[in-house]
Amino acid sequence: MKRFSLITAIAVLCMAFATAHAQDKFKPFVLGSVSSGDFDRKINETKAALTQQGFSIVGEYAPYANAHVIAVTSDELKRIAAQTERGGYAVAQRVSVTRVGDDIQVSYANPLYIEHAYQLGASMAPVAQKLQTALGKQEEFGAKGQSAKDLRKYHYTFGMEYFDDTYKLAKYGSHAEAVAAVEKGLSAGEQGITKIYRVEVPGKQVTVFGVAMKAGQSRDENMDDKHQMGIVDFQDLKGTAYLPYEVMVKGNEVEALHMRFRMAVHFPDLKMMGQNSFMKLMKSPDAIHKALTEAVGGKYETKGAW
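The sequence shown begins at 463 in my numbering and counts up by one.
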């Protein structure tokens, strides 16, 4: 009997350890709710819930049919963004409303996942709690889950970019000149890149733009939001909150996260080969680099494929 009790105790401890370990794994997206009804009404309800929790809506857009993305910020997000060199990439939180069949999914990028993937210097737990209060939290999704340690040094595989391996888009004489050039380029929209939002990081020469990427009839479809998401976002729960892409003016330089990092960290379980795989996006990293560079007034130099 004592031996049985000991075995039982060990089993319970193992289960407790496994549970605790599982709780240390983070996934890229959070499903807030699933409902039915009017799509536009749900978008308005979502925005109202966000503002009630102190978030400011800085931009929104419909990247393709049955999908709507809302970008929000707050004093807390701005404070966190100011603490690290590239914290600006987290200054706007991404929320999505997506119709899937008869259901409407409200989801958002997981702040706790972003905290580690983007190497932030402060906890995103307060942001996560406010989003949960506003939108709910049914489950995290988008990957099997990764530890904070692994996320902070994440890259998809050997030879692939890390968080700091950014696209260098352009360089100007001053921060003000760089911001003005980006504004001008995004307003023109000649490369299919248009502005969704602009957020300043207080106390820093950092300005972050959220951008839509649309190829239209005359541009490379490999840079297009819809084209990319049509390949990677094929699961039942939709990762629409991957969008929009960010462009950051840091001092007098303009940069963006490399797609081989940004896409991979949001869809880390995607296979390299196959129908829904990174291989299908082989031309997208360069296409995005080119489009963003030319949109902000830089000079693009061919780099190669995936």
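No residue lacks a Cβ here, since even glycine has one placed at the ideal position from N, Cα and C.
inquiry  = Looking at the secondary structure, which residues open and close the alpha helix (DSSP H) in which F723 lies?
reply    = M721 to H728
Integer-rounded CB distance, given that S746 should sit under 8 Å from M721 = M721 to S746, Cβ: 6 Å. Contact.
query = Which term fits M725, buried or exposed, when burial requires 16 or more other beta carbons within 10 angstroms of its beta carbon?
reply = buried
ask   = What is the DSSP secondary structure of G665, counted as helix, strand or coil?
value = coil
ask   = Using CA coordinates, which residue listed in K489, I693 and G494 is at the minimum distance from G566?
value = At residue 566 the sequence reads Ile, which differs from the Gly that was named. Comparing Cα-Cα distances from I566 to each of K489, I693 and G494, the minimum goes to G494.
message = Quick check on this structure: which residue in K633, V670, K733 and P664 has the alpha carbon closest to the alpha carbon of D695?
response = K733
query = Can you tell me where the beta strand (DSSP E) with F603 in it begins and where it stops?
reply = E601 to F603
ask   = If we call anything under 8 Å between Cβ atoms a contact, is K700 one with T535?
value = no
ask   = Just how far apart, CA to CA, sit I472 and Y523?
value = In this predicted model, I472 has a pLDDT of only 43, less than 50, meaning its place in the structure is not dependable; the value taken from the coordinates is given anyway. Their backbone Cα atoms lie some 53 Å apart in a straight line.
Continuous alpha helix (DSSP H) assignments of at least 4 residues falling wholly in the region 562 to 594 = 573 to 579
ask   = How is G521 classed by DSSP in three states: helix, strand or coil?
value = strand
query = Whose C-beta lies closer than 7 Å to the C-beta of T481 among residues of the same chain, with five residues either side of it excluded?
reply = Here T481 scores only 41 on pLDDT, less than 50, and its place in the model is too uncertain to base an answer on.
request  = Round the Cβ separation of T508 and V557 to the nearest angstrom and send it over; I've been treating them as touching at under 8 Å.
outcome  = 7 Å
task = Look at the Cβ atom of I519, then the Cβ atom of L512, and state whether they are nearer than 8 Å.
result = At a Cβ-Cβ threshold of 8 Å, I519 and L512 count as neighbours.
ask   = In chain order, what residues of the same chain lie with their CB nearer than 7 Å to the CB of A757, ignoring the 5 residues before and after it?
value = Same-chain partners within the cutoff: G647, L648, Q653 and I655.
query = How many Å lie between L631 and K761 at the Cα?
reply = 8 Å
ask   = Expressed to the nearest angstrom, what Euclidean distance is found between the alpha-carbon atoms of I750 and Q591?
value = 33 Å
inquiry  = Just to confirm, is the Cβ distance from A610 to F723 under 8 Å?
reply    = no
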